[in-house]
Each structure stands twice: as C-alpha cells, then as structure tokens.
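Residue numbers (the UniProt record's numbering): 1 to 570.
Every residue gets a Cβ at the ideal spot worked out from N, C-alpha and C, and that includes glycine.
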Amino acid sequence: MLSRLMSGSSRSLEREYSCTVRLLDDSEYTCTIQRDAKGQYLFDLLCHHLNLLEKDYFGIRFVDPDKQRHWLEFTKSVVKQLRSQPPFTMCFRVKFYPADPAALKEEITRYLVFLQIKRDLYHGRLLCKTSDAALLAAYILQAEIGDYDPGKHPEGYSSKFQFFPKHSEKLEKKIAEIHKTELSGQTPATSELNFLRKAQTLETYGVDPHPCKDVSGNAAFLAFTPFGFVVLQGNKRVHFIKWNEVTKLKFEGKTFYLYVSQKEEKKIILTYFAPTPEACKHLWKCGIENQAFYKLEKSSQVRTVSSSNLFFKGSRFRYSGRVAKEVMESSAKIKREPPEIHRAGMVPSRSCPSITHGPRLSSVPRTRRRAVHISIMEGLESLRDSAHSTPVRSSSHGDTFLPHVRSSRADSNERVAVIADEAYSPADSVLPTPVAEHSLELMLLSRQINGATCSIEEEKESEASTPTAAEVEALGGELRALCQGHGGPEQEQVNKFVLSVLRLLLVTMGLLFVLLLLLIILTESDLDIAFFRDIRQTPEFEQFHYQYFCPLRRWFACKIRSVVSLLIDT
C-alpha cells in the first residue's frame with residue numbers, strides 16, 4: 001500500500017511543471033501547471049495575479065530551443081508548445097496594441113501598455129524624431145520621480161536614466177529642460193496618459209518588427225500595427241497597407257506573400273524573404289491574428305486560414321479570441337473600484353534603470369566598435385543606402401511595381417514617410433530570431449552606419465550572444481564572397497519555380513499511370529466486381545473497347561512481335 005502511494009505521488013509530481021513568467025515591470029511570476037494544462041489556464045492565472053480585466057490586448061511570448069520567438073496559443077497544451085526542458089520561462093507582453101490607448105477603460109491596463117511602450121522605446125522598436133523622443137523621455141521621468149526638485153535632482157540627473165539605445169548630451173539636456181519647465185504638477189497617471197497619447201501618433205507605434213529581405217535583397221522590417229501592415233527601410237516607412245486593403249496572407253518556406261487590393265491601383269503582391277522557414281511561419285501567424293483582431297467586426301467571422309497550395313498540404317491556423325470591437329464593448333461594461341497599482345518607480349529595471357541605481361550602462365568599447373565598423377564596411381560598402389522603396393510584383397502582369405511607387409513618392413507622404421532622424425534598426429528586439437551569417441552582418445552594419453551603439457543589455461528572453469570583433473572580421477570576409485557569388489532572392493525564386501514545375505509533372509504522370517492501370521484492369525482482367533461490371537456494360541465503354549482499345553492493342557502486339565523477330569534474326 002505504501003509503495004502504491006509513493007508511486008502515485010511520484011507520477012503526479014512528474015505531471016507538474018514549474019513556469020516562470022517575466023512581467024512588464026521586470027518582476028517574475030512563478031506557478032505550477034499540469035502536463036495537459038492549456039495556454040488559456042496559464043494566461044488566466046497571470047491576469048488574476050495582475051488584477052487585469054482588459055486582457056485581450058496581452059499575450060505570453062516564449063523562445064523555442066532554436067531561438068525562434070512564438071506567441072503561446074491558448075487552445076493548445078503549454079508543455080507541447082514549448083518543446084524545452086522545465087522549468088519553463090516565458091514573458092508577458094502586449095500582443096495587440098490598442099488603436100487608442102487613452103481610451104482604455106482601466107488605469108491598470110493603461111499602465112501595462114505604458115510599460116510595454118517604454119520597453120519598445122528602450123529597445124529601439126519605437127523610433128521617433130529627436131523632439132518627440134525628448135518629450136516621451138520627459139513623461140517617463142515625470143511618472144517615475146515626480147516634479148523636479150533641485151535638492152534631490154542635481155545637474156545631469158536625466159543622464160542616469162536609459163530611455164533609448166543611445167543617448168547624446170544634447171538630448172539629455174532637452175529631456176531635463178522639458179521635465180523642469182513643462183510637466184510640473186503632473187501625477188504619474190497623467191504623465192503615463194500623455195505618454196500614450198504622444199506615442200500613439202508615431203509611425204512605429206505598435207510595431208513588433210520581423211527582419212526580412214525584399215525581392216532585390218535589401219534588408220527591411222515588416223510589422224503589423226492597429227492600422228495596417230507596414231514596411232520599414234532605413235529611416236522611412238516605405239509601405240503602409242490598411243487592413244481593409246489586405247486580401248490574403250500566405251507563406252511558402254521562407255517566402256512571405258501579402259496580397260493587396262487598392263481602389264486606385266491594380267491588385268499587387270508584396271513578396272519578402274524571412275531568415276528561416278520557422279521565422280516566416282511566425283510572421284504569417286502574427287499577420288493572421290492581427291488582421292482578424294483589428295479588421296473583423298465579430299469573432300464569429302473568424303475562419304481557419306491555410307497556406308496550402310493545389311498539390312501540397314500547408315499550415316492551417318485559426319485565431320482564437322475576441323476581436324478589437326468586442327473588446328471595447330466589453331470594456332465599457334466594466335464596473336468595479338479601480339484596482340490599486342503598484343508602480344515600479346525606483347525599482348531597478350532592465351528597460352529603464354532607476355536614478356538611484358548608478359549611471360547608465362556603457363556601450364561597446366570604442367576600439368571594438370571601430371573594428372566591427374571597418375570589417376563590415378569592407379564587404380558591404382555598396383549597401384550603405386537602404387532608404388528606398390520596396391519593389392512590388394503585380395499579380396496581373398508579373399512586372400515590378402517599383403517605378404510607380406517611386407514616382408508617387410513626391411506626390412504623397414501617405415505611403416513613404418520619414419519616421420526618425422536615423423535608420424530603424426531594432427536589433428535587440430529581433431535577436432531571438434535565428435538569422436544567417438550575412439543577415440547578422442547586415443543588421444550590425446545598419447547600426448554602425450547610423451551611429452547606433454551596440455546592445456546595452458539584451459532582454460532576458462534573448463539568449464543570443466554578440467560576436468567579437470575577430471569573429472565579425474572573419475564573417476566580413478565570408479560575406480564579401482557571398483555578395484559576389486550568391487544569387488540572392490532572384491535565384492531562390494527560379495529554384496522554387498523549377499521545383500513547382502517538377503512537382504506538377506510528377507503529379508500529372510502519377511495520375512496518368514493510375515488511369516492507365518485502371519483501364520487495363522477494366523479491359524483485360526476478369527474481376528467480377530459490381531463497380532467494374534457496371535462500367536463494362538455501358539454503351540460508351542463497349543464502343544471505346546471495340547473501336548479504339550482493341551485496334552490499339554493489336555497494333556502494339558504487332559510492333560512487339562516485329563521487334564522480337566528482328567532481334568532473333570540478328
């Protein structure tokens with residue numbers, strides 16, 4: 001009896017797993033889940049812990065053993081999705097940015113969105129012009145330390161906060177000036193609300209960048225926002241497609257397709273290449289979820305989406321959850337006392353170190369930065385300017401859409417807009433995605449050319465290490481060889497076309513072989529099956545048999561006898 005109890009308890013322990021979820025204020029929540037627990041169960045535990053009701057905007061992100069990021073699916077088992085050894089580590093993040101964060105019902109929800117956008121600002125995902133950056137940082141300063149006090153805040157006090165991937169002395173002075181003169185008297189809640197209102201107006205608000213390449217091999221960042229699909233290159237937003245213009249999202253291997261239908265233009269297809277097939281599938285799933293959340297009126301309109309083609313089964317995915325309109329209607333019905341908010345304040349933070357915990361973190365040493373810069377520049381000098389429009393394929397003609405896009409740039413700023421004073425390069429936010437060696441060099445080159453420092457401190461969800469100067473120099477030589485001899489996306493497209501043709505030929509030959517086999521069975525075999533008997537008794541089959549098949553069989557038999565006799569004679 002005792003042994004049974006012990007074995008039963010050991011089996012129950014084996015079915016339980018420890019999970020650690022890192023929250024937006026950098027604290028951690030630890031719990032235990034069963035082996036078959038769904039993602040929804042873990043998410044509900046987190047929301048209960050946070051006292052959060054407007055929870056549809058948030059999600060749980062994790063990194064698989066191959067360093068690929070994923071959003072936890074709430075309808076599937078947590079253990080089966082993570083595919084790693086326990087204890088499991090995940091992150092609680094904003095998944096769907098509210099179109100108007102100031103319109104959120106509860107202050108606790110606005111505070112969590114504020115923490116996410118502050119994190120985006122620090123990691124380079126939210127990029128803006130210098131004037132906007134100073135105002136956003138001043139709002140953060142006011143929310144965290146309150147009004148300026150000469151006795152508590154000595155000269156240069158703003159330099160001890162790390163708001164952005166890099167700082168300049170001029171920017172720090174501007175931040176302190178705004179904090180001293182314009183924000184006095186604002187409570188933390190008011191400062192956070194003003195921060196959200198300002199951040200919402202920026203071109204990169206709500207951007208979770210996916211590194212890709214366009215059909216010409218130029219580096220780009222793809223993202224889905226509350227308002228549509230965007231493409232960022234250099235310091236410009238080169239494409240903005242509203243959700244009602246997106247007709248289809250599809251991927252094949254590492255290739256991502258976006259089908260667009262616009263009133264004033266023909267139907268077009270934007271084509272991009274992700275670093276890996278897994279990254280491309282993640283991009284596709286994010287697009288499906290964002291389109292359903294922001295575009296649909298009701299969750300009952302959600303349909304299962306497939307990436308399959310005519311001959312091969314692809315991935316199937318269905319968004320599970322409420323859409324934005326339903327979330328807003330549900331939030332309006334919330335009636336409770338506002339929950340107490342425990343702001344991080346003076347607690348040390350990876351995303352914004354506190355003023356009481358020493359100076360900001362130093363960047364990479366100058367000698368190492370110079371070595372990285374020189375080694376990459378030798379192989380990629382021709383790729384220095386990347387702020388251009390992305391070529392687009394026309395679905396009706398197959399030619400590029402580039403000339404029209406370039407000619408319309410001067411007439412309208414709706415499609416091409418300058419987003420910042422420097423190039424968009426959110427390297428910290430994309431490190432968990434595995435990239436090829438030449439893709440890593442392109443990322444580092446973009447940061448060095450535009451004056452951005454190397455990573456100050458990676459998010460804990462990223463486990464990728466930064467290469468040394470010697471490694472980068474070695475990679476630079478390999479990259480030069482790649483740039484000279486690599487066919488690029490065009491060659492990849494040709495290969496895929498050839499493979500598609502071969503697949504079509506194989507399928508056609510297979511169908512013909514099956515039909516021929518069935519014909520031989522019908523005409524030559526004595527199988528007395530009801531299905532075959534009914535076919536043989538039809539007038540059409542009898543006519544075919546006597547007028548076509550029998551003469552053809554006699555002709556083949558004559559040819560075979562003549563060949564055999566010729567071989568015997570020789």
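Spatially closest choice to residue i from the options, by CA coordinates
i, options, result
"Leu-53", "Phe-531, Pro-551, Thr-523, Glu-329", "Glu-329"
"residue 584", "Val-260, Thr-181, Val-501, Glu-297", "Since the first and last residues shown for the chain are 1 and 570, residue 584 lies out of range."
"Pro-277", "Cys-128, Glu-252, Asn-290, Lys-298", "Glu-252"
"Thr-89", "Tyr-257, Arg-69, Glu-107", "Arg-69"
"Glu-289", "Pro-226, His-167, Leu-506", "Pro-226"
"Leu-296", "Ser-216, Arg-316, Asn-244", "Asn-244"
"Ala-176", "Ala-138, Pro-211, Arg-303", "Ala-138"
"Gly-287", "Phe-317, Leu-567, Tyr-205", "Phe-317"
"Cys-280", "Val-418, Asn-51, Pro-211", "Pro-211"
"Ala-219", "Tyr-205, Lys-285, Lys-236", "Lys-236"
"Gly-321", "Thr-75, Leu-522, Cys-47", "Thr-75"
"Leu-552", "Phe-532, Ile-520, Leu-127, Ser-18", "Ile-520"
"Thr-130", "Val-507, Ile-140, Ser-168", "Ser-168"
"Asp-149", "Glu-192, Tyr-17, Thr-181, Leu-135", "Thr-181"
"Lys-166", "Leu-127, His-179, Arg-533", "Leu-127"
"Arg-83", "Leu-24, Asp-132, Tyr-17, Tyr-111", "Tyr-17"
"Asp-26", "Ser-307, Thr-190, Gln-186, His-342", "His-342"
Through-space distance from residue j to residue i, alpha-carbon basis
i, j, result
"Arg-536", "Lys-250", "46 angstroms"
"Trp-71", "Ser-525", "57 angstroms"
"Tyr-122", "Phe-221", "18 angstroms"
"Ser-562", "Tyr-548", "21 angstroms"
"Lys-213", "Ile-334", "44 angstroms"
"Asn-495", "Ile-568", "48 angstroms"
"residue 571", "Cys-31", "For residue 571 there is no data in the structure shown, the boundaries of the chain being 1 and 570."
"Leu-516", "Ser-500", "24 angstroms"
"Leu-46", "Trp-284", "27 angstroms"
"His-282", "Gly-59", "15 angstroms"
"Ile-108", "Phe-163", "22 angstroms"
"Tyr-157", "Pro-275", "42 angstroms"
"Val-305", "Phe-541", "43 angstroms"
"Ser-216", "Lys-267", "20 angstroms"
"Arg-503", "Glu-192", "57 angstroms"
"Ser-375", "Lys-55", "Low confidence applies here, because Ser-375 scores a pLDDT of 32, under 50, leaving its location unreliable and the question unanswered by this model."
"Ser-565", "Gln-543", "33 angstroms"
"Gly-477", "Tyr-272", "Unreliable placement is indicated for Gly-477, whose pLDDT of 49 sits below 50; no coordinate value is reported for it."
"Tyr-41", "Glu-340", "24 angstroms"
"Val-231", "Phe-531", "58 angstroms"
"Lys-152", "Arg-110", "28 angstroms"
"Val-246", "Phe-240", "11 angstroms"
"Thr-204", "Glu-106", "24 angstroms"
"Cys-558", "Thr-508", "29 angstroms"
Contacting residues, own chain, Cβ-Cβ under 6 angstroms from residue i (five flanking each side not counted)
i, result
"Ala-324", "Phe-293, Tyr-294"
"Phe-96", "Tyr-57, Phe-293"
"Ala-37", "Val-78"
"Arg-35", "Arg-15, Val-79"
"Thr-538", "none"
"Glu-28", "Thr-20, Arg-22"
"Thr-570", "none"
Collapsed DSSP secondary structure at residue i in the structure displayed
i, result
"Pro-212", "It is worth fixing the name first, because residue 212 is Cys in this sequence and not Pro. Correct three-state label for Cys-212: strand."
"Lys-118", "helix"
"Ile-269", "strand"
"Arg-237", "strand"
"Thr-201", "coil"
"Ala-59", "Strictly speaking, residue 59 in this sequence is Gly, with Ala absent from that position. Three-state DSSP puts Gly-59 in a strand."
"Ser-349", "Here Ser-349 scores only 37 on pLDDT, less than 50, and its place in the model should not be relied on; the value that follows carries that caveat. It is coil, neither helix nor strand."
"Thr-130", "helix"
"Gly-228", "strand"
"Val-78", "helix"
"Lys-325", "helix"
"Glu-540", "helix"
"Lys-152", "coil"
"Ile-535", "helix"
"Glu-54", "coil"
Contact set for residue i: own chain, Cβ-Cβ below 7 angstroms, skip 5 residues either direction
i, result
"Val-302", "Ala-292, Leu-296, Arg-318, Tyr-319"
"Lys-174", "Ala-134"
Chain-order list of residues whose beta-carbon lies under 8 angstroms from that of residue i (same chain, five-residue window excluded)
i, result
"Asp-208", "Arg-125, Ala-223, Phe-224, Cys-286, Ser-429"
"Val-113", "Tyr-57, Val-94, Tyr-97, Pro-98, Pro-101, Leu-104, Leu-196"
"Gln-81", "Gly-39, Phe-62, His-70, Leu-72, Glu-73"
"His-179", "Ala-138, Leu-141, Gln-142, Tyr-148, Ser-158"
Min CB distance residue i to chain D below 8 angstroms
i, result
"Pro-339", "Here there is only one protein chain, and chain D is not present."
Exercise for the section: Mind the definition here: the stretch 99-119 touches the stretch 197-208 only if three or more C-beta pairs lie below 8 angstroms; say whether that holds. Expected result: At 8 angstroms Cβ cutoff, the stretches touch.
Exercise for the section: Examine the Cβ distances between the stretch 97-108 and the stretch 135-146 and report whether three or more of them are shorter than 8 angstroms. Expected result: no
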